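Engineer:
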Amino acid sequence: MKKPEQEKQTLFSVIRSVLAALFGVQSDKNRYQDFKQPTAWPFIITGIVMMVGAIIAVAQWATASQ
Numbered sequence: 001m002k003k004p005e006q007e008k009q010t011l012f013s014v015i016r017s018v019l020a021a022l023f024g025v026q027s028d029k030n031r032y033q034d035f036k037q038p039t040a041w042p043f044i045i046t047g048i049v050m051m052v053g054a055i056i057a058v059a060q061w062a063t064a065s066q
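Going letter by letter, the sequence shown gives residues 1 to 66 in the working numbering.
1) Please report the residue range of the alpha helix (DSSP H) in which Pro38 lies.
2) Just how far apart, CA to CA, sit Gly47 and Thr63?
3) Would you say Val18 and Phe43 are within 7 Å of each other, going by their C-beta atoms?
And the structure:
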């Protein structure tokens, strides 16, 4: 019995999924597709990079406004 090929997600789709999950607006269809992936590492790494970027952006904004 052959297993169906799993679609690899693109960088854009991983970023979109992380942002949608962050704001809590991800559809069940997309969430199901995300959980079908063989590993969670792309989502974890993307989330960490986005959080670090957000912290840096807020720190730059806060220090620039003084």
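Every residue, glycine too, gets a C-beta built ideally from N, C-alpha and C.
In this text the structure is predicted, and so the values were computed from the model without any measurement.
Structural biologist: Looking at the atomic coordinates:
1) Looking at the DSSP string, Pro38 is not in any alpha helix (DSSP H), and its letter there is neither H nor E.
2) 24 Å
3) yes
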